[in-house]
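A.B. asks: Here's a structure for you.
Number of protein chains: 2
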Amino acid sequence: MSVIALGTMAFDAIETPFGKIDKIVGGSATYVAYAASHLVKPILQISIVGEDFPKEEMEELKKRGVQLDGVEIVAGKKSFFWSGKYHLDMNTRDTLVTDLNVLADFDPVVPESYQGAEFLMLGNLMPGLQISVINQLRKRPKLIVLDTMNFWMETTLDDLKKALTLIDVLLINDSEARFLSGEFSLVKAAKIIMEMGPKYLIIKKGEHGALLFHENHVFFAPALPLEDVFDPTGAGDAFAGGFIGHIARTKDISFDNMKTGIIVGSAMASFCVEKFGPQRLKEITKQEIDVRLAEFVQLVNFDIDLV
Amino acid sequence: MSVIALGTMAFDAIETPFGKIDKIVGGSATYVAYAASHLVKPILQISIVGEDFPKEEMEELKKRGVQLDGVEIVAGKKSFFWSGKYHLDMNTRDTLVTDLNVLADFDPVVPESYQGAEFLMLGNLMPGLQISVINQLRKRPKLIVLDTMNFWMETTLDDLKKALTLIDVLLINDSEARFLSGEFSLVKAAKIIMEMGPKYLIIKKGEHGALLFHENHVFFAPALPLEDVFDPTGAGDAFAGGFIGHIARTKDISFDNMKTGIIVGSAMASFCVEKFGPQRLKEITKQEIDVRLAEFVQLVNFDIDLV
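Quick mapping for you: the protein sequence lines, in order, are chains C and V. Per the working numbering, the first sequence starts with residue 1, numbered consecutively. Per the working numbering, the second sequence starts with residue 308, numbered consecutively.
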C-alpha cells in the first residue's frame, strides 16, 4: 500500500486577514505527507531541503510513517522559501517572495527501497522533475496522480503536456482548467484536458468544492461550509494527500472509490485551513476525521422520489 | 396543495455571449409558475400586466393549472420591461433598461378564491407588496417562502427587514447574503440572517450550487455541471418554483424534505438556462425531469467508511 510522494519541503511566510506568520514549515510534499499519513503507511517521500530544515520536523514525519530516504539534505544551502499574502476573499493571493534556493538544482533520485511502490503522488513541482520520477520507476504504479499549477502552464507547458500523457489523474483548479483548455465551461474544459492524457480529472474549486470527471461521468464533492478559513496555504496539497491516502488504503482505483477519495481529500483540506501551515493536519485524530466525514455525508445526503 | 405565487409578469430583452433576443416573456412569477406547475396544481398567480401581455401566454399558463384571477390587466398601459446583458462568465450582468410601467402602481389584491392556500411563494418584487399579500391572507399558509434581491436591500431595507419577520424561508444569492449580513463567511452570514426572522435560509451560488441553512444544520446541493449556460435569466425563479412545487406536492415542510426541494429546484434551474426565457420550462416532460433528478443523485452520491 506504499505511496511515493514527490514535492517540495519548504519554509513559508504567510499573511492572511486573520494574522501573519514569518516562518512556518510548508511545501507540497510536506502537506501531502501529513494528510496521507492519517490513512496509509509508509509514505515514501522524495524532496530536497537545505541544512536549515528543522530536524524535529523530520522526526515528526518519520514518527508518522513517512520515510525520508528520498529527501536530499544539501549542506551549506537554504530550503525553498515562499511568501504570500491572501486577499480578503481568501481565493486569491499575491506571491511576495519565491527563493528557490536548493530547489534550483533539484534532480530527484528514487531510492532503490522505493521501487515497487503501488501509488505515486506527484505533488506540485516542475513538470520535468515529475517526469523524471515516473521514468525512474521500473514498475509502473497502479495509479499516478499529478498536481500542478498555472505557473507551470505558463513557463513549462511542453514538459507539462508530456507529463499528462504519462499519468492517470490530474489535479488542478478551475482557473487552471480554463487556462489549459482554452474553454470557459468546465465540462468542455474537462473533455479537452482528458484528451491530453489523464483518464481522470479533478477540478478543485476552493470553497465551492471539487469536480471529478471520467469519460462521460461527473461527480461533485462540496467543500465544508466553514465559519472561517484561517489560512488556505496547503489546502490543495492536503486534498491531494487525503485523496491518494484513501486510494492507497483501499487499493481500489475505481471511479466510485475515487468519489470517496475526493470526500476524504475535501475533509483533509477543511482541517488544513483551520490553522497556519500544516499545524492542524498534525493535531487531528482518527476520531475527528471520522466525525468530519460524517458531516460530509450529512451535507449532501438527500432522498429523492420521481415526479 | 394550492400555492399562491406573487411576482412580476413581464417582457425581457436579453443579450448573452450566445445570442440576443429583443422581446420574450419573463418576470419572476412567470418562471415560478412554469416551474412549479410541473409538480403541483393549482398555482394561484398574483401579478399585474399591461394590455400588451400575450393572450396566448395566459392561455398556456391556464392549461398548466395556473389560475389568473389575481393577475390584474391594466388597459392602455404596458407590461413591466427589463433588459440586461450578461458578461462572459454568466454570473454577472448589466441591467440596461428597467421600465416599471404597470408595476409602478401595483397594489396586489388577493382574490377571495385564493384564501386558504397552504403555500405562499413571494417572488422577487417590492418587499412592501410581499408584506401586503401576507397580511391579506386570513389563514397563515403552512410555509411562506420569500425571494428577493440586492436592489431591495439597497432601496427598501426597512420593508424587507419587516418582511423577513413574517416568513419561513428566505431565498437569496451569496453576494446578497454577504451584503445583508455584513459578513463574508456564508456560515456567519446565515446565522445573522436567520436571526432577522426566517427559520430557513437558502443561499444560491449559481453554477456553484446552493446551501440550505436551518439552526445548526446545513445542506449543500450542487448545480449540474453544464456544457453551456445559454441564458441564466429566470434561473433563480425556476429554482424557487421547483422548490415550492416540491414542498406543496409532498405537503412536507421538514428540513429533510426541503433538501429534496432544493434538488428539484436545482433541476428546474438547470433546464431553465438551456434556452432563452422560460421556453425550456414549457417543453420539459415528467420523464425528462425524472432523468435529471437521477443525474443529481449520481452527481453527489458516494460511499463512505470510517478511517
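Backbone N, C-alpha and C define an ideal beta-carbon position, used for all residues, glycine too.
Do residue 409 of chain V and residue 355 of chain V count as a contact pair if the criterion is CB distance below 9 Å?
C.D. replies: Here residue 355 of chain V refers to the residue found at position 48 when the second sequence is read from its first residue. Here residue 409 of chain V refers to the residue found at position 102 when the second sequence is read from its first residue. Cβ atoms of residue 355 of chain V and residue 409 of chain V: closer than 9 Å.
A.B. asks: Comparing C-alpha positions only, which one of V/536, V/604, V/564, V/437 sits nearest to residue 587 of chain V?
C.D. replies: Counting from 1 along the second sequence, the entry for residue 587 of chain V is found at position 280. Residue V/536 is the option with its Cα nearest to residue 587 of chain V.
A.B. asks: With respect to the alpha helix (DSSP H) encompassing residue 289 of chain C, which residues constitute its N-terminal and C-terminal limits?
C.D. replies: Translated into positions along the first sequence, residue 289 of chain C becomes position 289. 286-300 is the extent of the alpha helix (DSSP H) around residue 289 of chain C.
A.B. asks: Does any residue of chain V bring its CB to less than 9 Å from the CB of residue 211 of chain C?
C.D. replies: Reading the first sequence from its first residue, position 211 is the one you call residue 211 of chain C. By this cut-off, residue 211 of chain C is an interface position.
A.B. asks: Which residues of the stretch 165-186 of chain C have a Cβ closer than 8 Å to any Cβ of chain A? Give them in chain order.
C.D. replies: Chain labels in this structure do not include chain A; the protein chains are C and V.
A.B. asks: Nearest to residue 34 of chain C by alpha carbon, out of C/236, C/81, C/162, C/251?
C.D. replies: The residue labelled residue 34 of chain C in the question sits at position 34 within the first sequence. Nearest of C/236, C/81, C/162, C/251 to residue 34 of chain C, Cα basis: C/236.
A.B. asks: Counting only C-beta atoms, is residue 296 of chain C closer than 9 Å to chain V at any point?
C.D. replies: Taking the first residue of the first sequence as position 1, residue 296 of chain C is located at position 296. Output row for residue 296 of chain C: interface = yes.
A.B. asks: Within 9 Å (strictly less), CB to CB, does residue 150 of chain C reach chain V?
C.D. replies: Start at 1 with the first residue of the first sequence, and residue 150 of chain C comes out as number 150. No, residue 150 of chain C does not count as interfacial toward chain V.
A.B. asks: Would you report the Cα separation of residue 89 of chain C and residue 491 of chain V, rounded to the nearest angstrom?
C.D. replies: As a first step, residue 89 of chain C must be located in the first sequence, where it is residue number 89. As a first step, residue 491 of chain V must be located in the second sequence, where it is residue number 184. Each residue's alpha carbon lies about 8 Å from the other.
A.B. asks: Any C-beta of chain C sitting closer than 9 Å to the C-beta of residue 495 of chain V?
C.D. replies: Numbered from its first residue, the second sequence carries residue 495 of chain V at position 188. Residue 495 of chain V counts as touching chain C.
A.B. asks: Below 8 Å on the Cβ atoms is my guess for residue 547 of chain V versus residue 452 of chain V; work out the distance and round it to an integer in Å.
C.D. replies: Working through the second sequence from its first residue, we reach residue 547 of chain V at position 240. Working through the second sequence from its first residue, we reach residue 452 of chain V at position 145. Their Cβ separation, rounded to whole angstroms, is 7 Å, which keeps residue 547 of chain V and residue 452 of chain V in contact under 8 Å.
A.B. asks: Quick check: does the Cβ of residue 255 of chain C come within less than 8 Å of any heavy atom belonging to the ligand FAD?
C.D. replies: Absence of the ligand FAD is noted for the structure shown, with no ligands found whatsoever.
A.B. asks: For residue 286 of chain C, return the contacting residues in chain V, with the cut-off set at a CB-CB distance below 7 Å.
C.D. replies: By 1-based counting over the first sequence, the position of residue 286 of chain C is 286. By Cβ distance, chain V contributes 614.
A.B. asks: Counting C-beta neighbours from all protein chains within 10 Å, is the total for residue 613 of chain V 16 or more, i.e. buried, or is it exposed?
C.D. replies: For this step, residue 613 of chain V is matched to residue 306 along the second sequence. Exposed.
A.B. asks: Take the Cβ of residue 265 of chain C as the centre, count every other Cβ of all protein chains shown within 10 Å, and call the residue buried at 16 or more, exposed below.
C.D. replies: Within the first sequence, numbered from 1, the residue matching residue 265 of chain C stands at position 265. Answer is buried; the Cβ neighbour count reaches 16.
A.B. asks: Measure the alpha-carbon distance for residue 558 of chain V versus residue 210 of chain C and round it to whole angstroms.
C.D. replies: For the purposes of this step, residue 558 of chain V is taken as the residue at position 251 of the second sequence. For the purposes of this step, residue 210 of chain C is taken as the residue at position 210 of the first sequence. One C-alpha to the other measures close to 34 Å.
A.B. asks: Write down every uninterrupted run of the beta strand (DSSP E) in the stretch 235-263 of chain C whose length is 3 residues or greater and which is fully enclosed by it, in chain order.
C.D. replies: Listed in chain order, nothing qualifies, since the stretch 235-263 of chain C has no complete beta strand (DSSP E) run of 3 or more residues.
A.B. asks: I think residue 579 of chain V touches residue 545 of chain V, with their Cβ atoms under 8 Å apart; what is that distance to the nearest whole Å?
C.D. replies: For the purposes of this step, residue 579 of chain V is identified with residue 272 of the second sequence, where counting begins at 1. For the purposes of this step, residue 545 of chain V is identified with residue 238 of the second sequence, where counting begins at 1. Yes, they are in contact, since the Cβ atoms of residue 579 of chain V and residue 545 of chain V sit about 4 Å apart, within 8 Å.
A.B. asks: According to a CB-to-CB cut-off of less than 7 Å, which residues of the stretch 564-598 of chain V neighbour chain C?
C.D. replies: Listed by position, the residues of the stretch 564-598 of chain V near chain C (Cβ gap below 7 Å) are 566, 567, 570, 593, 596, 597.
A.B. asks: Whole alpha helix (DSSP H) runs in the stretch 410-465 of chain V with 4 or more residues, listed along the chain?
C.D. replies: Whole alpha helix (DSSP H) segments, 4+ residues: 434-443, 457-462.
A.B. asks: If you draw a straight line from the alpha carbon of residue 83 of chain C to that of residue 95 of chain C, how long is it in whole angstroms?
C.D. replies: Here residue 83 of chain C refers to the residue found at position 83 when the first sequence is read from its first residue. Here residue 95 of chain C refers to the residue found at position 95 when the first sequence is read from its first residue. Whole-angstrom Cα-Cα distance: 6 Å.
A.B. asks: Which bits of chain C does residue 600 of chain V rub up against, with CB to CB less than 8 Å?
C.D. replies: Translated into positions along the second sequence, residue 600 of chain V becomes position 293. Neighbours of residue 600 of chain V on chain C, chain order: 304, 306, 307.
A.B. asks: Compute the distance between the beta-carbons of residue 478 of chain V and residue 504 of chain V, then report whether it is under 9 Å.
C.D. replies: To locate residue 478 of chain V, count along the second sequence from 1; it is residue 171. To locate residue 504 of chain V, count along the second sequence from 1; it is residue 197. In this structure, residue 504 of chain V does not lie closer than 9 Å to residue 478 of chain V by Cβ.
A.B. asks: Report, in whole angstroms, the separation of the C-beta atoms of residue 267 of chain V and residue 317 of chain V, which I expect to be a contact under 8 Å.
C.D. replies: Outside the modelled stretch of chain V, which goes from 308 to 614, sits residue 267 of chain V, for which no answer is possible.
A.B. asks: By a C-beta neighbour count over all protein chains shown, 10 Å radius and 16 as the cutoff for buried, is residue 45 of chain C buried or exposed?
C.D. replies: If you number the first sequence from 1, residue 45 of chain C lands on position 45. Buried, since its Cβ has 16 or more Cβ neighbours within 10 Å.
A.B. asks: Determine, using beta carbons only, whether residue 371 of chain V comes closer than 9 Å to chain C.
C.D. replies: Counting from 1 along the second sequence, the entry for residue 371 of chain V is found at position 64. Chain C contact via Cβ: absent.
A.B. asks: For residue 344 of chain V and residue 568 of chain V, I'd like the C-alpha separation in whole angstroms.
C.D. replies: Counting from 1 along the second sequence, the entry for residue 344 of chain V is found at position 37. Counting from 1 along the second sequence, the entry for residue 568 of chain V is found at position 261. Going from the Cα of residue 344 of chain V to the Cα of residue 568 of chain V covers about 14 Å.
A.B. asks: Identify the continuous beta strand (DSSP E) that holds residue 355 of chain V and give its terminal residues.
C.D. replies: Taking the second sequence and counting its residues from 1, one reaches residue 355 of chain V at position 48. Run containing residue 355 of chain V: 350-357, per the beta strand (DSSP E) assignment.
A.B. asks: Can residue 313 of chain V and residue 552 of chain V be called in contact, C-beta distance under 9 Å?
C.D. replies: Within the second sequence, the letter at position 6 stands for residue 313 of chain V. Within the second sequence, the letter at position 245 stands for residue 552 of chain V. Against a cut-off of 9 Å, the Cβ pair of residue 552 of chain V and residue 313 of chain V comes out as no contact.
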